[in-house]
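Only one structure is covered here, and it is reproduced in the block below.
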Amino acid sequence: MYKLSTPGPKYRACPDRWKQSTVIALPKVADVTNLGQLRPVSLTHTFGKVVEGRVADVALTDKRPHIDGHQFGNLKGRSTTQYMVFLLDAILKGLEQRNTVAQMCLIDFKKAFDNVDHGVAVTPTVQPAAVISTIVHLSSRAGGGGRNTKDKTSWLPPHGVAFPDVHLDANPIPCVDIAKVVGLVMNSNLTWQDHVDHIVKKASKLFFMLFKQGRLRQHSNASAANTASVSTRSYNSYIATLTTFGLPSLEDRRGQLTLSFGEKMKENDHLQLLPQRAPSRYQTRHSARLPPVRCRTERYRNSTIPYVTRLANK
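Per the working numbering, the sequence shown starts with residue 1, numbered consecutively.
See the structure below:
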């Protein structure tokens, strides 16, 4: 495996056997009656994942300086969470101006791994020049998978034209009030209610899948009744329960997680989301603080970047 995954003059291609995946079907409902009620989960060959990891390190070292600064995911310091913070901050900051409307065009490829030509990913590795063995591996890994690629054409309107005129394969892209972007459910009012409902439903489905796989055991009726009785009798108020069990409140928990996320953003050299301090020759007692973010609306004031800035300045 070491020889296969080490780029060099005698570099070998990825074996076809390591391109195969194991597909496991998980039920979505209690009683499965058709294939649509099964969720397929694909597991890549372990040896293939190890080789991909080693080749990816070499490829990223060679290509990292040429990657767009707004590319998120699969890169250290550029998580999809940071992408959503970047996206929402850009939208909310733009909406701080009066008489402003935000429009966003979202395109998701159905079965992208099967329908998108992997040559799209291999071709950019040639310019600028990359490690030859890396190109060989990527070309080998992309081939032999039995994919049936499809070409798509799109048309975008000139600046100032409404988004209903956007077309994909001659079909107009419809306008929607709710859309899911990288796991976050966004609505046209930029409220969180739809996302909270989605998270609750998703958690319920995950518990159901774990139960069906035998990882969770159903409690006896007596134990469940006893637990419900104790919980009802000892629950007086939200604050009293938190104090009894030594749990942090949701507000405190949000502050801790947000501050931790802000510290990671300050260490990110690739994307500057937090306001930058103006250079000065003088050292004052407030010189270590971040410049405050001006907010006209309460919605933007409660968003991530202004909230992190206030926490960091305390």
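Yeah, the Cβ is synthetic: ideal placement off N, Cα and C, and Gly gets one too. Computed from a predicted model, the values in this text were never measured in an experiment.
Range covered by the beta strand (DSSP E) that runs through Thr44 | Start at 1 with the first residue of the sequence shown, and residue 44 comes out as number 44. Per DSSP, Thr44 belongs to the beta strand (DSSP E) from Leu38 to Thr44.
Any idea what DSSP makes of Thr191, helix, strand or coil?
-> Along the sequence shown, read from residue 1 onward, the residue named residue 191 stands at position 191. Here Thr191 sits in coil by DSSP.
Length of the line joining the Cα atoms of Phe207 and Lys201 = For the purposes of this step, residue 207 is taken as residue 207 along the sequence shown, with counting starting at 1. For the purposes of this step, residue 201 is taken as residue 201 along the sequence shown, with counting starting at 1. When rounded, the distance between both Cα atoms is 10 Å.
Give the range of the alpha helix (DSSP H) segment to which Ile178 is assigned.
-> Within the sequence shown, the letter at position 178 stands for residue 178. Judged by DSSP secondary structure, Ile178 falls outside any alpha helix (DSSP H) and instead within the beta strand (DSSP E) spanning Ile178 to Val181.
What did DSSP end up calling Met186 once you bin it into helix, strand or coil?
-> Looking up residue 186 in the sequence shown gives position 186. Note: Met186 maps to strand in three-state DSSP.
Own chain partners of Asn313 with C-beta closer than 7 Å, once the 5 adjacent residues on each side are dropped = Residue numbering aside, residue 313 sits at position 313 when the sequence shown is read from its first letter. Same-chain partners within the cutoff: Arg289 and Leu290.
For Ile173, name the three-state secondary structure that DSSP assigns.
-> As a working mapping, residue 173 is identified with position 173 in the sequence shown. Here Ile173 sits in coil by DSSP.
Between the CA atoms of Leu273 and Lys266 - distance to the nearest angstrom | For the purposes of this step, residue 266 is identified with residue 266 of the sequence shown, where counting begins at 1. For the purposes of this step, residue 273 is identified with residue 273 of the sequence shown, where counting begins at 1. The alpha-carbon atoms of Lys266 and Leu273 are separated by roughly 8 Å.
What number of angstroms, rounded off, separates the C-alpha of Pro322 from the C-alpha of Lys205?
-> Outside the displayed span of the chain (1 to 314) sits residue 322, for which this structure offers no information.
Have a look at Asn34 and Ile199 and give me their C-alpha separation to the nearest angstrom.
-> Numbered from 1 along the sequence shown, position 34 holds the residue referred to as residue 34. Numbered from 1 along the sequence shown, position 199 holds the residue referred to as residue 199. Distance between Asn34 and Ile199, taken at the CA atoms: about 26 Å.
Within its chain, find whatever has a CB closer than 7 Å to the CB of Ser231; leave out the 5 residues flanking it on each side and keep chain order.
-> What you label residue 231 is simply residue 231 of the sequence shown in a count that begins at 1. The predicted position of Ser231 is uncertain, since its pLDDT is 49 and thus under 50; a value taken from the coordinates is nonetheless stated next. Correct list: empty, nothing qualifies.
Taking buried to mean at least 16 other C-beta atoms within 10 Å of its own C-beta, is Leu92 buried or exposed?
-> Taking the sequence shown and counting its residues from 1, one reaches residue 92 at position 92. Leu92 should be labelled buried.
Residues in its own chain within less than 7 Å of Thr22 by CB, not counting five upstream and five downstream?
-> Here residue 22 corresponds to residue number 22 of the sequence shown, with the count starting at 1. The answer, listed in chain order, is Leu43.
Buried or exposed (CB count within 10 angstroms, at least 16 for buried), Gly262 = As a working mapping, residue 262 is identified with position 262 in the sequence shown. Result: buried.
According to the Cβ coordinates, are Arg17 and Leu26 closer than 7 Å?
-> Your numbering for residue 17 matches position 17 in the sequence shown. Your numbering for residue 26 matches position 26 in the sequence shown. No, the Cβ-Cβ distance between Arg17 and Leu26 is not below 7 Å.
With 16 other CB atoms within 10 Å as the buried threshold, where does Met186 fall?
-> Indexing the sequence shown from 1 puts residue 186 at position 186. Label assigned to Met186: buried.
Between the Cα of Ser188 and those of Thr61, Thr244 and Leu88, spot the shortest distance and give me the residue it belongs to.
-> To locate residue 188, count along the sequence shown from 1; it is residue 188. Out of Thr61, Thr244 and Leu88, Leu88 has the C-alpha closest to the C-alpha of Ser188.
Simplified DSSP state of Leu210, which is helix, strand or coil = Within the sequence shown, residue 210 is the residue found at index 210, counting from 1. DSSP places Leu210 in helix when its eight states are reduced to three.
Does the Cβ of Thr100 have 16 or more other Cβ atoms within 10 Å, making it buried, or fewer, making it exposed?
-> As a first step, residue 100 must be located in the sequence shown, where it is residue number 100. Label assigned to Thr100: exposed.
Cβ separation of Phe72 and Thr80, assumed to be a contact under 8 Å, to the nearest whole Å | By one-based count along the sequence shown, residue 72 stands at place 72. By one-based count along the sequence shown, residue 80 stands at place 80. About 6 Å separates the two Cβ atoms, so the contact holds.
Supposed close pair Val41, Ile24 - CB separation, criterion 8 Å = As a first step, residue 41 is located in the sequence shown; it is residue number 41 there, counting from the start. As a first step, residue 24 is located in the sequence shown; it is residue number 24 there, counting from the start. Yes, Val41 and Ile24 are in contact; Cβ-Cβ is about 5 Å, under 8 Å.
If you check the beta carbons only, do Gln37 and Val29 fall under 7 Å apart?
-> Here the question's residue 37 lines up with position 37 in the sequence shown. Here the question's residue 29 lines up with position 29 in the sequence shown. Going by C-beta atoms, Gln37 is nearer than 7 Å to Val29.
Separation of Asn171 from Ile107, as counted between CA atoms = Position 107 of the sequence shown holds residue 107. Position 171 of the sequence shown holds residue 171. Rounded to whole angstroms, Ile107 to Asn171 spans 13 Å at the Cα level.
In angstroms, rounded to a whole number, what distance separates the CA positions of Ala225 and Thr243?
-> Position 225 of the sequence shown, counted from the start, is the residue given in the question as residue 225. Position 243 of the sequence shown, counted from the start, is the residue given in the question as residue 243. Bear in mind that the predicted position of Ala225 carries a pLDDT of just 49, short of 50, making it too unreliable to give a figure here.
Can you tell which of Thr304, Tyr300 and Phe47 has the C-alpha that lies nearest to the C-alpha of Leu95?
-> Here the question's residue 95 lines up with position 95 in the sequence shown. Answer by Cα proximity: Tyr300.
Tell me, to the nearest whole angstrom, how far the beta carbon of Met316 is from that of Val176; I am working on the premise that it is less than 8 Å.
-> Outside the shown range of the chain, which is 1 to 314, sits residue 316, and nothing can be said about it.
Beta strand (DSSP E) segment containing Pro27, residue limits | Position 27 of the sequence shown, counted from the first residue, corresponds to residue 27. Per DSSP, the unbroken beta strand (DSSP E) holding Pro27 starts and ends at Ser21 to Pro27.
Between the C-alpha atoms of Ala203 and Pro248, what's the straight-line distance to the nearest angstrom?
-> By one-based count along the sequence shown, residue 203 stands at place 203. By one-based count along the sequence shown, residue 248 stands at place 248. Roughly 21 Å between the two C-alpha positions.
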